[in-house]
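Numbering (the working numbering), first residue to last: 2 to 205.
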């Protein structure tokens, strides 16, 4: 049975109207935190910090990773898509590909515009030539885990991230709809935009 480890019923929406305006500001999104390095609004500096954080996660949890730093190859992603797994049988996908590798693991979306992050389970696969594919992040997957070892890993990773000053947010904090006047150019959602889409979007 799927488990939702972050059930926080009755919580208030995470983002204020002012936050949403800054996150979606055109032509350049603005960070919504007064904490360093986000207050700098310097993407290179923020990415360096998140790189250091991910290295710390790998070291502390003894995991391997596949991390998307390059905005999925084009456009702009408001977050870093970090995926952690262990090369052990309990992280193998249920129906692995014949040639190459396929694992289940932990996706951590690390906001570039705030210290917030979300956790979800996902699978990735790659072939012997290096080409690969994975699941796109979406609101419905946040806090949901099918695999006990991934849920256990999520708890370990959360501890490390919070020690680095990052803040976990939960699905219930991100489900509030955005005003209908707002239309995001995100490739993850076509309509019915929520606060998740304001914080974690990819426009190409």
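Ideal Cβ positions, reconstructed from N, Cα and C, are used throughout, including at glycine.
Measure the C-alpha to C-alpha separation of residue i and residue j and round it to an integer number of angstroms.
| i | j | result |
| --- | --- | --- |
| residue 203 | residue 188 | 6 Å |
| residue 39 | residue 78 | 15 Å |
| residue 4 | residue 145 | Note on residue 4: pLDDT 46, under 50, position unreliable in the model; the coordinate value appears next. The alpha-carbon atoms of residue 4 and residue 145 are separated by roughly 5 Å. |
| residue 155 | residue 29 | 32 Å |
| residue 219 | residue 118 | Lying outside 2 to 205, the shown extent of the chain, residue 219 is not represented and no answer is given. |
| residue 96 | residue 66 | 20 Å |
| residue 61 | residue 159 | 11 Å |
| residue 190 | residue 141 | 11 Å |
| residue 176 | residue 104 | 29 Å |
| residue 8 | residue 172 | Residue confidence is low: residue 8 scores 46 on pLDDT, short of 50, so the model does not pin down where it sits. No coordinate-derived value is stated. |
| residue 17 | residue 170 | 14 Å |
Out of the options, state which residue places its alpha-carbon closest to the alpha-carbon of residue i.
| i | options | result |
| --- | --- | --- |
| residue 178 | 168, 166, 194, 165 | 194 |
| residue 15 | 116, 83, 56, 149 | 116 |
| residue 139 | 201, 165, 166 | 201 |
| residue 110 | 183, 51, 26, 88 | 51 |
Return the Cβ separation of residue i and residue j in integer angstroms, given the expectation that the two are a contact with Cβ distance under 8 Å.
| i | j | result |
| --- | --- | --- |
| residue 58 | residue 161 | 5 Å |
| residue 12 | residue 174 | 5 Å |
| residue 21 | residue 153 | No, residue 21 and residue 153 are not in contact; Cβ-Cβ is about 34 Å, not under 8 Å. |
Under 9 Å, do residue i and residue j count as touching if we go by C-beta distance?
| i | j | result |
| --- | --- | --- |
| residue 34 | residue 84 | no |
| residue 120 | residue 143 | yes |
| residue 53 | residue 150 | no |
| residue 114 | residue 31 | yes |
Report yes or no: is there a C-beta of chain C within less than 9 Å of the C-beta of residue i?
| i | result |
| --- | --- |
| residue 27 | Given the protein chain composition of this structure (a single chain), no chain C is represented. |
TODO: Counting only runs of 3+ residues fully inside the region 64-109, write out the beta strand (DSSP E) ranges in chain order.
DONE: 65-69, 80-86
- Note down, one range per segment and in chain order, each beta strand (DSSP E) of at least 3 residues found wholly within the region 125-154. 133-135
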